[in-house]
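Chemist: Throughout, the numbering used here is defined as the position within the sequence shown, counted from one, plus 4.
Even for Gly, the Cβ is constructed at its ideal location relative to N, Cα and C.
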Amino acid sequence: MSRRAPSMRACVASHATGGEGMAAPGDVTDEAQVQRYVDAVLERWGRIDILVNNAALLGGRGVLDESAADFERSVRVSSLGYFLNTKIVARSMAERGIRGSIVCVSSSNGWSGSPGVIAYAFNKGGVNNFVRAAAMDLAPYGIRVNSFTPTAPTPDNPELLAEGVRGVLDAPPGALRNGSGVETAAEPWRRPVRWQGERAPMVPMGTTGTPTDIGHAIAWLSSDYARLITGTDLVVDGGARARNFAYIPAAAEQLAGPVPLIALDDAALPVV
Ligand SMILES: NC(=O)c1ccc[n+]([C@@H]2O[C@H](COP(=O)([O-])OP(=O)(O)OC[C@H]3O[C@@H](n4cnc5c(N)ncnc54)[C@H](O)[C@@H]3O)[C@@H](O)[C@H]2O)c1
Numbered sequence: 005m006s007r008r009a010p011s012m013r014a015c016v017a018s019h020a021t022g023g024e025g026m027a028a029p030g031d032v033t034d035e036a037q038v039q040r041y042v043d044a045v046l047e048r049w050g051r052i053d054i055l056v057n058n059a060a061l062l063g064g065r066g067v068l069d070e071s072a073a074d075f076e077r078s079v080r081v082s083s084l085g086y087f088l089n090t091k092i093v094a095r096s097m098a099e100r101g102i103r104g105s106i107v108c109v110s111s112s113n114g115w116s117g118s119p120g121v122i123a124y125a126f127n128k129g130g131v132n133n134f135v136r137a138a139a140m141d142l143a144p145y146g147i148r149v150n151s152f153t154p155t156a157p158t159p160d161n162p163e164l165l166a167e168g169v170r171g172v173l174d175a176p177p178g179a180l181r182n183g184s185g186v187e188t189a190a191e192p193w194r195r196p197v198r199w200q201g202e203r204a205p206m207v208p209m210g211t212t213g214t215p216t217d218i219g220h221a222i223a224w225l226s227s228d229y230a231r232l233i234t235g236t237d238l239v240v241d242g243g244a245r246a247r248n249f250a251y252i253p254a255a256a257e258q259l260a261g262p263v264p265l266i267a268l269d270d271a272a273l274p275v276v
């Protein structure tokens, strides 16, 4: 989901599987808008089999500095947004007897703590139990609900990112925010929240992957191969979350690394 039609169209155009795509922009926190874009998709294809809840406000501030307004805005996008999309799409599935798949994108910040992202961490922790509860509500209909946890992937889509950056610049003030944005952090009592020195490698397989790895995994999780997987989390992070805090992996050049990435073919989808 996105509110920005140009970046959505760039996204659709860059996804290549030989099918068709459409952009249906809207604000995930507004129930009427969610209903409207879900209706637009239903009108075009008559059914929805897969929902991926993805919208979030990344970045933010730590607990000492986050504002009530920004905390609330962040919670509205990830928490209310995931709920409204799940509710409205799951109703469309249940009404049509579709045993669909709903995937909620979580984050490593939903499973362990990082400084400077208190609202984001609150949201993503909530997402992890939201999927378990929603999976129970929807199991009687054969609808599956799972979370998917990526960890800071390395982009492999520079042209799409460039489109996204244009979208950020075009966005109305306050629509998106990033970085710590802490103006008051100079007080003498402040302490650093991060290690400042040279950073040792922390990912056991040497890479957390790319958006293509994420797409493959979500496609599989939404397929009938995963027909009995519900209420759980799938993590694609090169072993980062499994790592014991005291273990520092070998440097990337000493690792075999993963097998080569299975790339998408590069024929663009027609945009409707
Ligand atoms: N980038 C990372 O390192 C990382 C790591 C772990 C998890 N994630 C998760 O992956 C998902 C995608 O993140 P990303 O890195 O692509 O970030 P992004 O900022 O590029 O994408 C977020 C999207 O949410 C949309 N959005 C924000 N508010 C909205 C609203 N009110 N209504 C509709 N759409 C709205 C934005 O338009 C944007 O397209 C998020 O759920 C994020 O938490 C990202």
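(1) If you draw a straight line from the C-alpha of M12 to the C-alpha of G25, how long is it?
(2) Looking at C-alpha atoms only, which residue of V56, P205, T211 is the closest neighbour of P264?
(3) What did DSSP end up calling L265 once you bin it into helix, strand or coil?
(4) Do you know how far the Cα of R95 is from the Cα of A17?
(5) Rounding to the nearest angstrom, what Cα-Cα distance links E70 and V79 in this structure?
(6) I'd like to know if the segment 120 to 127 and the segment 56 to 67 are in contact, where contact means that at least 3 CB-CB pairs between them fall below 8 angstroms.
(7) Quick check: is any heavy atom of ligand 1 less than 7 angstroms from the C-beta of S78?
(8) Using alpha carbons as the reference points, say which of T216, T234, P253, D160 lies closest to I266.
(9) Given the structure, does S112 come close to ligand 1, in the sense that its CB is under 7 angstroms from one of the ligand's heavy atoms?
(10) Could you please give the first and the last residue of the uninterrupted alpha helix (DSSP H) stretch that includes I218?
(11) State yes or no: is the C-beta of L225 within less than 8 angstroms of the C-beta of N150?
(12) What's the gap between the Cα of A156 and the Cα of N57?
(13) Hey, could you find the ends of the alpha helix (DSSP H) D237 is sitting in?
(14) Given that a residue counts as buried once 16 or more other Cβ atoms are within 10 Å of its Cβ, and exposed if not, what is M140?
Modeler: So, from the listed chains and residues:
(1) Their Cα atoms are separated by approximately 10 angstroms.
(2) Among V56, P205, T211, the Cα nearest to that of P264 belongs to T211.
(3) Of the three classes helix, strand and coil, the one that applies to L265 here is coil, per DSSP.
(4) Going from the Cα of A17 to the Cα of R95 covers about 29 angstroms.
(5) So the two alpha carbons sit approximately 12 angstroms from each other.
(6) Using a C-beta cut-off of 8 angstroms, the segment 120 to 127 makes contact with the segment 56 to 67, since at least three inter-stretch Cβ pairs fall below that distance.
(7) Taking non-hydrogen atoms of ligand 1 into account, the C-beta of S78 is found less than 7 angstroms away from none of them.
(8) Of T216, T234, P253, D160, the residue nearest in Cα terms is T216.
(9) Yes, Cβ of S112 sits closer than 7 angstroms to a heavy atom of ligand 1.
(10) Here the alpha helix (DSSP H) through I218 covers 215 to 225.
(11) Yes, these two residues count as a Cβ contact at 8 angstroms.
(12) Looking at the two C-alpha atoms, the distance is approximately 17 angstroms.
(13) Premise fails: D237 lies in the beta strand (DSSP E), 237 to 240, not in any alpha helix (DSSP H).
(14) Classification of M140: exposed, given that the 10 Å Cβ count is below 16.
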